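Numbering-wise (this note's numbering), the sequence shown opens with residue -8 and increments by one.
All residues carry an ideal CB built from backbone N, CA and C; glycine is no exception.
Fair warning: this is a prediction, and the values are worked out from it, not measured in the lab.
Below: the structure, in structure tokens.
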Amino acid sequence: MAKKEIKEKLIKYSLTQEDIQIIEQGRSIVLNKLKDIFARGGLNETEIETFDSKYAYLLTKKTYKLPKAKNLKSNMFNIFVLKHGKKLDRKSLTSGRYGKSRFDKINELLKKKKDDLLKNLYFNLISIAPFGAYWKISGKGKKKQLRVEAYLASYIVHEHGHIYFINNAKPNVLNNFSLFKKLALNSKKAWNNSKNKFDFEFPIFSYIPHHYATLCEYAAAKKLFPKYLKRWHKNAKSHLRFLTKSEKSFKKWFNDKPLLETYYFDLLYVPLIINKWKDWPERLLKIGS
Ligand SMILES: [Zn+2]
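Next comes the structure, spelled out in structure tokens:
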């Protein structure tokens, strides 16, 4: 019953000026405050898609033959708008992605400007749910500052991290997960406040561009988002306790829920990599070269 009410509410979500402002703030952080992470630059032209229950919005420096959003303003972007004709569920209203729009019409539009393709595969685009929808679903009106930080880090910085990685990494880094893993395992002592043993290996199938993006997210949190960082460490410690209860129970649990493994890698290994290697952004882009 309660769940249904939430769904109805979200289907009616309309983008607000606050959603635009938070995206602008995020872009400004990416370009100006995280130059140590995104040292090679190149993110200024990345287009941003957001959406509500009726419309898709394209925030871009470019011009398109599309109507502009009438009630939304930005000093940073042109905001184009089109009806997307899709029903968006709870999941799409709280998710980010990169390289491809979630709407066919926008993909068609971007295809015409082929020079924007990164590595011939991805559009120079991130697609993120609006803050307001994310807040309603995950924040329930409380802890707004934590939610703002989480949104800036895990949506805006993270998805820019994907674009940055794709644009700059050596092609064969994509298959070289073992080096990533070695970096993490070598540095596991960084969790020195934890009394738990961390002496087994995760079964690994992970996805490197996503881990790189999560490194960007965590590094940004260390620098700018203290509440989000604190929550990260709290989650990490409680998961570490669970994971290290016994290898046997962990393996049994993992077999039931393999998709969560990427999440645990992020939660636990990403802080280790960052604490160990101050030059991680460049170091990891060069793996495989
Ligand atoms: Zn990702």
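Do Tyr203 and Leu275 come within 8 Å of each other at the CB atom, strictly closer than that value? yes
Pick out every residue whose C-beta is nearer than 5 Å to a heavy atom of ligand 1: which are they, in chain order? His201 and Ala204
Considering just the uninterrupted stretch of the beta strand (DSSP E) at Ile20, what are its terminal residues? Careful: Ile20 lies outside any beta strand (DSSP E) and carries neither H nor E.
Helix or strand or just coil, what does DSSP make of Lys96? helix
Can you give me the Cβ contacts of Thr41 inside the same chain, cut-off strictly under 6 Å, excluding the 5 residues immediately before and after it? Tyr48, Ile119 and Pro121
Would you call the CB atoms of Leu63 and Gln8 closer than 8 Å? yes
Which residues share a DSSP beta bridge with Asn66? In the DSSP output, where bridge partners are listed per residue, Asn66 has none listed.
So what does DSSP say about Phe29, is it helix, strand or coil? coil
Just list the residues that DSSP pairs Thr253 with in beta bridges. For Thr253, which the question treats as bridged, DSSP gives no partner whatsoever.
Considering only C-alpha positions, which residue in the set Ala211, Ser44, Ile128 and Ser5 is nearest to Glu150? Ala211
So, using beta-carbon positions, are Leu143 and Ile20 closer together than 8 Å? yes
Tell me the start and end of each unbroken alpha helix (DSSP H) in the segment 116 to 142 that is at least 4 residues and wholly inside, in chain order. 122 to 125 and 135 to 142
Beta-ladder partner(s) of Ala47, from DSSP: Phe42 and Leu73
When we look at the beta-carbon of Phe71 and count the other beta-carbons within 10 Å, is it buried (16 or more) or exposed? buried
What does the Cβ neighbour count give for Thr205, buried or exposed, with the cut at 16 atoms within 10 Å? buried
Distance, Cα to Cα, Trp271 vs Ser44? 39 Å
Taking the beta strand (DSSP E) that Gly87 falls in, what are its first and last residues? Gly87 to Tyr89
Pull up the distance between the alpha-carbon of Asp257 and that of His224, whole angstroms please. 12 Å
Check Tyr4 in the structure and name its three-state DSSP category. coil
Considering only residues of the same chain and omitting the five flanking positions on each side of Lys213, which have a CB-CB separation below 8 Å? Leu220 and Ile265
Counting C-beta neighbours from all protein chains within 10 Å, is the total for Arg18 16 or more, i.e. buried, or is it exposed? buried
Please list, in chain order, all residues of the same chain as Met(-8) whose beta carbon is under 7 Å from its beta carbon, the five residues on each side excluded. Because the pLDDT of Met(-8) is 41, which lies under 50, any placement of that residue in the model is unreliable, and the number read from its coordinates should be weighed accordingly. None.
Smallest Cα separation from Lys52: which of Glu36, Ile11, Pro58 and Ile199? Glu36
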